[in-house]
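> Below is the structure I would like to discuss, written out as structure tokens.
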Amino acid sequence: MFAIGTDGYIIAGLLPEISSLSGVTISTAGQLITAFALVYAAASPVLASLFGNLDRRRLLMLSLSVFILGNILVALTTLYPVLLLGRVVAALGAAMFTPAALAITGGIVPPERRGRSIALVTSGLTIATAIGVPIGNWLGARIGFQGVFWVVAALSLLVLLTIATVFGPVPAPPAVSLKNRLRAARGRGVPATLAVSLLVFTGAFAVYNYIADYFDARTEINGASLSWVLLAFGIGGAIGNFTGGILSDRIGTRATVGISATALIVSFATLWGAGDNAPVAIAVTVLWGVSGWLLAPAQQHRLMELGGASAPLLISLNSSAMYLGMALSGAVGGLMITTVGVEQLPLVGIIAAAVTLTLVATAYGKRRVVDASVEERGATEQ
């Protein structure tokens, strides 16, 4: 998860170099983020159905092999079409790996520790933002963006070899068709929960995807110095992820998501109004990381409450919703830059968080378990 998180988030800090070397605009380069996220969102439930009968250990190994291939493609070229292809291939690997890892984790712990256990696995992503992305950005200033993707590919290969040698077989759960995966998403409370993930990731990543351009324009922080900004976001994200797991267990998921959305509004409003002041902007970036990553474990926990036996299906769909939000954020952020300027990007985050808060207050719903027979019907169909 650390390798996948570093790969997914580091590109935001490398966009200026990628734009320059590939001969495209910053907003066009940003569509590499959109392509990765969009393919992940669309492919995750489809691939989960196609490989539903595969032993989980083999699935993790297959997904990492595809992921490594995508990163090697990016590391070999500066041609924009090939870079785009590499991001698509890497997204396919990540789309297979992440939902499987989260579903395995959520299924082997008692309900009262589910939030913290999911947070432990998703911490690979937040540690990536805290450590992997700043280090990757620092390395990018010295060995170029292609060197960074070689490092990610090597790290992923190490993980693949570790899984192959020390990870025991994990039987596949009952296979479920794509039709029944989508049926599970219609359970009471589930559409609103997925919509929350979509909204928050759209708003938060509209700024994060173009963080290098934004901080360069507002504070003149750029190049290797941007690593400090990315480190601030990552530290906040790590704190938010673990806090989100604890709060979900103690005060409930609805309250935790409400706190997340409220804090995001404060973060982006401050960043928009006082973003010219570098110390203030960096401090707010920490709060932005905390408030945004509060959401992830709360949402996973919520879907396990709602889904019962169908929880793994809903987790897969939630991953798709998150990455669809990232895809939309790349497109919306690029449009904002070309129309009203990069300085206005926090407005997207404010609007998305405000809509999220309204949704949580009116439609998030109370706990209700989805019919567990969804999985049984899926297994019969298969």
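Note that this note's numbering has the sequence shown beginning at 1, numbered continuously upward. Think of the CB as a built atom: it goes at the ideal place given N, C-alpha and C, for glycine as much as any other residue.
Identify which residue in V66, A269, V121 has its Cα closest to the Cα of A352.
The option with the nearest alpha carbon to A352 is A269.
> Any contact of the region 291–307 with the region 239–247, i.e. 3+ C-beta pairs under 8 Å?
A contact exists between the region 291–307 and the region 239–247.
> Just to confirm, are F2 and V74 a CB contact at a threshold of 8 Å?
No.
> Less than 8 Å between CB atoms is the rule here; does V229 satisfy it with respect to chain B?
This model lacks chain B altogether; it includes just one protein chain.
> Could you work out which residue in L139, F97, P110 is closest to M304 when comparing CA atoms only?
Measuring from the Cα of M304, the nearest candidate turns out to be P110.
> Distance check for M326 and T193, CA to CA, integer angstroms please.
Rounded to whole angstroms, T193 to M326 spans 16 Å at the Cα level.
> Taking the straight line between their C-alpha atoms, what separation do you get for V82 and A95?
Distance between the alpha carbons of V82 and A95: 20 Å.
> With DSSP as the reference, label M1 as helix, strand or coil.
Reduced to three states, the DSSP call for M1 is coil.
> When the Cα of I163 is compared with those of L62, P279, V46, which residue comes out closest?
Checking every option, the nearest Cα to that of I163 belongs to L62.
> What residue from A29, A100, V88, R302 has the CA that sits closest to L54's CA?
The shortest Cα separation from L54 among A29, A100, V88, R302 belongs to A100.
> Please state the DSSP three-state secondary structure of T25.
The answer is coil: DSSP assigns T25 none of H, G, I, E or B.
> Tell me whether E220 sits in a helix, a strand or coil according to DSSP, three-state version.
The answer is coil: DSSP assigns E220 none of H, G, I, E or B.
> Please classify V370 as buried or exposed, where buried requires at least 16 other C-beta atoms within 10 Å of its C-beta.
Low confidence applies here, because V370 scores a pLDDT of 41, under 50, leaving its location unreliable and the question unanswered by this model.
> Evaluate the contact criterion for the region 317–326 versus the region 17–32: three or more CB pairs, one atom per stretch, below 8 Å.
No, the region 317–326 does not touch the region 17–32.
> Taking the beta carbon of I221 as the centre, do at least 16 other beta carbons fall within 10 Å, making it buried, or is it exposed?
I221 comes out buried.
> Under 8 Å between the Cβ atoms of A91 and Y9?
No, the Cβ-Cβ distance between A91 and Y9 is not below 8 Å.
> Distance check for A128 and D213, CA to CA, integer angstroms please.
One C-alpha to the other measures close to 21 Å.
> Residues in the same chain with beta-carbon distance under 8 Å from I259, minus the five sequence neighbours each way, listed in chain order, please.
Same-chain partners within the cutoff: L247, S291, L294.
> When you compare only the Cα positions, how much space is there between T362 and I131?
Their Cα atoms are separated by approximately 37 Å.
> Measure from the alpha carbon of I72 to the alpha carbon of each residue in V229, V340, G289, V151, then state which is nearest.
Of V229, V340, G289, V151, the residue nearest in Cα terms is V151.
> Starting from G252, trace the alpha helix (DSSP H) both ways and give me its first and last residue.
From DSSP, G252 is part of no alpha helix (DSSP H); its letter is neither H nor E.
> Quick check: the Cα distance between T6 and L125, rounded to an integer number of angstroms?
If I take the Cα positions, the gap works out to 7 Å.
> Would you call R56 buried or exposed, if buried means 16 or more other Cβ atoms sit within 10 Å of its Cβ?
So R56 counts as buried.
> Between V190 and G52, what straight-line distance do the alpha-carbon atoms span, to the nearest angstrom?
Those two C-alpha atoms are separated by around 22 Å.
> Could you name the residues of the same chain whose beta carbon sits closer than 6 Å to that of A37, not counting the 5 residues immediately before and after it, in chain order?
Closer than 6 Å at Cβ, skipping near neighbours: Y323, M326, A327.
> F215 to L226, Cα distance in whole Å?
When rounded, the distance between both Cα atoms is 8 Å.
> Quick check on DSSP: helix, strand or coil for Y210?
Note: Y210 maps to coil in three-state DSSP.
> In whole angstroms, what is the alpha-carbon distance linking G275 and A217?
Distance between the alpha carbons of G275 and A217: 10 Å.
> Could you have a look at S373 and say whether DSSP puts it in helix, strand or coil?
Reliability fails at S373, whose pLDDT of 40 lies under 50, so the model's placement of it is uncertain and the value that follows must be treated cautiously. Residue state, collapsed to three classes: helix.
> Could you pull the start and end residues of the alpha helix (DSSP H) that L279 belongs to?
In the sequence as displayed, the identity of residue 279 is Pro instead of Leu. Residues 278–293.
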